[in-house]
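One structure below.
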Amino acid sequence: MGRPYAVKGRKKKRKLDEAAASDAAPAADEAEELQPLLEEAGEEKGNENMTAAAAGEEEEEQAAVEGLPVVPRTVDGKRQPGAIFVLERACLEVGKVGKTMQILNSDDHANYLRKQGRNPADYRPDIIHQALLAIFDSPLTKAGRLQAVYVRTEKGVLFEIKSHVRMPRTFKRFCAQLLQKLSITAVGKREKLLNVIKNPVTRYLPVGARKIGLSYSAEKSVNLFDYVAKSNDDEALVFVVGAMAHGKIDNEYSDDYIQICNYPLSAACCLNRICSALEQKWKIQ
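Per our numbering, the sequence shown starts with residue 0, numbered consecutively.
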């Protein structure tokens with residue numbers, strides 16, 4: 000008499016186990032889908048991913064993903080002239096190394112890149128990290144004279160970075176922030192400090208802004224301090240600097256194309272010089 004009930008009990012238990020397994024399966028699939036691929040993100044696709052992440056995972060971001068802290072802004076009630084930086088040709092390409100998605104760099108992924116038939120020397124995301132630190136650590140930014148920073152990758156993806164963000168101090172943490180979310184929010188707030196926007200960058204620049212491209216290959220050589228000192232405070236200054244290991248930027252939308260040194264400079268060194276010239280002009284101590 001007890002045997003039929005035992006068989007029914009086992010069948011019921013088996014059904015419950017199968018139902019539990021089917022409920023747990025989608026979670027693994029969803030986890031894989033949350034991996035953003037910068038190398039495949041076009042302008043519109045990047046915006047769609049960014050919007051979905053902000054709308055559907057806001058609570059998860061606050062609990063699991065640490066945002067970027069906001070730097071206190073200097074407010075004196077007066078409108079002061081400021082600077083805008085456009086960093087071109089930044090290398091921020093993602094690849095699947097082993098079982099994880101990583102921002103490719105020449106130090107950690109040289110063998111992987113060679114197997115893919117690529118030149119490891121072209122993969123230098125550390126350059127854009129150093130460049131951003133040079134801007135955001137400057138007295139110019141701390142004095143509230145930085146208006147905006149735009150970054151365009153080699154793949155043509157355009158990022159906007161707000162002027163009051165505090166960048167991650169280490170390269171590893173910088174890559175982790177970018178890889179985890181295409182859109183990074185401020186700690187405890189919904190304000191987006193870094194997000195993907197549509198090209199071209201000129202649509203976001205102020206009307207009448209003076210766009211200055213800098214390159215070692217430019218024919219016009221200037222003393223940067225004198226050049227900046229002669230600029231008009233009524234027009235916004237936009238500095239376009241390359242953030243790649245070698246090559247030059249496209250000066251198609253620059254009003255002026257200048258060389259500021261007789262030697263090639265890194266992006267960080269070039270930006271330090273620009274910030275110093277502006278600080279001298281605006282008497283920022």
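The beta-carbon is built from N, C-alpha and C at its ideal position, and this holds for glycine as well.
Cβ pair residue i, residue j closer than 9 Å
i: P124; j: N110; result: no
i: C174; j: Q115; result: no
i: C260; j: S137; result: no
Length of the line joining the Cα atoms of residue i and residue j
i: I196; j: L86; result: 14 Å
i: Q146; j: D254; result: 19 Å
i: E92; j: Y122; result: 8 Å
i: S216; j: K247; result: 7 Å
i: V345; j: M243; result: Look at the range of the chain in this structure, 0 to 284, and you will see that residue 345 is not part of it.
i: L94; j: L277; result: Correcting the residue type first, residue 94 is Gly in the shown sequence and not Leu. The alpha-carbon atoms of G94 and L277 are separated by roughly 39 Å.
i: A133; j: C268; result: 8 Å
i: R202; j: L223; result: 27 Å
i: Q348; j: D225; result: Limits of the chain in this structure are 0 at one end and 284 at the other, which puts residue 348 out of reach.
i: I83; j: A208; result: 9 Å
i: S214; j: A266; result: 10 Å
i: C90; j: I127; result: 8 Å
i: V239; j: K280; result: 19 Å
i: K171; j: N198; result: 28 Å
i: G155; j: P80; result: 29 Å
i: E159; j: V237; result: 14 Å
i: A142; j: I283; result: 7 Å
Residues of its chain near residue i, where Cβ-Cβ distance is below 6 Å and the 5 sequence neighbours each way are ignored
i: S220; result: Q258
i: G97; result: none
i: G241; result: E87, R88, I248
i: K161; result: L192
i: D233; result: none
Residues near residue i by beta carbon distance below 8 Å, same chain, minus five either side
i: N118; result: L112
i: H108; result: G94, V96, Q101, P119, Y122
i: S230; result: R209, L236, K280
Sheet register partners of residue i (DSSP bridge)
i: F170; result: According to DSSP, F170 bridges with nothing at all.
i: E87; result: G241
i: I102; result: V93
i: V195; result: F158
i: A82; result: L145, L236
i: R209; result: L236
7 Å Cβ shell around residue i - same chain, five flanking residues per side excluded
i: V200; result: V85, Y149, R151, L157
i: Y252; result: T201, K210
i: Q61; result: Note on Q61: pLDDT 36, under 50, position unreliable in the model; the coordinate value appears next. Cβ neighbours of Q61 beyond the five flanking positions: none.
i: P205; result: A235
i: N250; result: G212, Y256
i: T169; result: none
Exercise. Can you list, in chain order, the stretches of the beta strand (DSSP E) that have 3 or more residues and sit fully within the region 211-279?
Worked result: Counting only runs of 3 or more, we get 236-241, 255-258.
Exercise. Where in the region 118-164 do unbroken runs of the beta strand (DSSP E), each at least 3 residues long, occur, reported from the N-terminal end onward?
Worked result: Counting only runs of 3 or more, we get 145-152, 157-160.
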